[in-house]
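Trainee: Quick one: the structure is below, and I'll ask about it shortly.
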Amino acid sequence: MRSPAGRSRAAVWRFCARPGLLVLRVWSGGSDRAGLSLSQLIVQNTLPVACLLFTMASSDIQVKELEKRASGQAFELILSPRSKESVPEFPLSPPKKKDLSLEEIQKKLEAAEERRKSHEAEVLKQLAEKREHEKEVLQKAIEENNNFSKMAEEKLTHKMEANKENREAQMAAKLERLREKDKHIEEVRKNKESKDPADETEAD
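Read in order, the letters of the sequence shown correspond to residues -15 to -1, 1 to 189 in mature numbering (1 follows the signal peptide of the UniProt record, and there is no 0).
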């Protein structure tokens, strides 16, 4: 087949078998391909090899350049079976779990029971500590309230006693003033009486 410009774009594929190998010989003609590299020619002429992808995926590939001219280029694709060392081995099925014996099952159950008891004991311990803390807080609040009430009562009693003492002191002061006043009146009366007889004698 030729392009509109008259240049050939034909790619000729030939298969040949060798012991343990599959050889694919390609002739890629056309002056427009003369300047292409070997890898570019392989890419442009791989459509007929699509059916070999599965084989190539599991094979080692070698590229061998045979001939290069101005009109085209020839090369070989050599497919050989991949070595066992390069093929990763995957297990067909996951490894089977080892069957547990009755003794192992019993040990697992006992261990689970121990963990459950330990967890339950830890929870009970935390609850007891929480209740003890709440009890201490409540007791402290009661003591503080009692202390406050006691202090308030003592303060009130002291105030009442102070008021009583003040009232008694005031009453005592008033009584003292009254006594002083009565004493003064008595002295004045006595003085007046002592002067009256002398005045009468002089008058006679």
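Think of the CB as a built atom: it goes at the ideal place given N, C-alpha and C, for glycine as much as any other residue. In this text the structure is predicted, and so the values were computed from the model without any measurement.
In this structure, how does DSSP classify Lys168 when only helix, strand and coil are distinguished?
Mentor: In this structure, Lys168 counts as helix in the three-state DSSP scheme.
Trainee: On the three-state DSSP scale, how would you describe Lys82?
Mentor: Coil.
Trainee: Roughly how many angstroms separate the alpha carbons of Lys144 and Glu150, rounded to a whole number?
Mentor: If I take the Cα positions, the gap works out to 10 Å.
Trainee: Out of curiosity, what's the CA-to-CA distance linking Lys167 and Lys140?
Mentor: The residue asked about is misnamed: residue 167 is Asp in this sequence, not Lys. Those two C-alpha atoms are separated by around 40 Å.
Trainee: Just the C-alpha distance for Asn131 and Leu112, rounded to the nearest angstrom, thanks.
Mentor: For Asn131 and Leu112, the distance between alpha carbons rounds to 28 Å.
Trainee: Taking just the CA atoms, how far does Lys135 sit from Glu153?
Mentor: Cα to Cα, the separation comes out at about 27 Å.
Trainee: Just the Cα atoms here: how many angstroms apart are Val173 and Glu165?
Mentor: Roughly 12 Å between the two C-alpha positions.
Trainee: Expressed to the nearest angstrom, what Euclidean distance is found between the alpha-carbon atoms of Lys177 and Met156?
Mentor: Rounded to whole angstroms, Lys177 to Met156 spans 32 Å at the Cα level.
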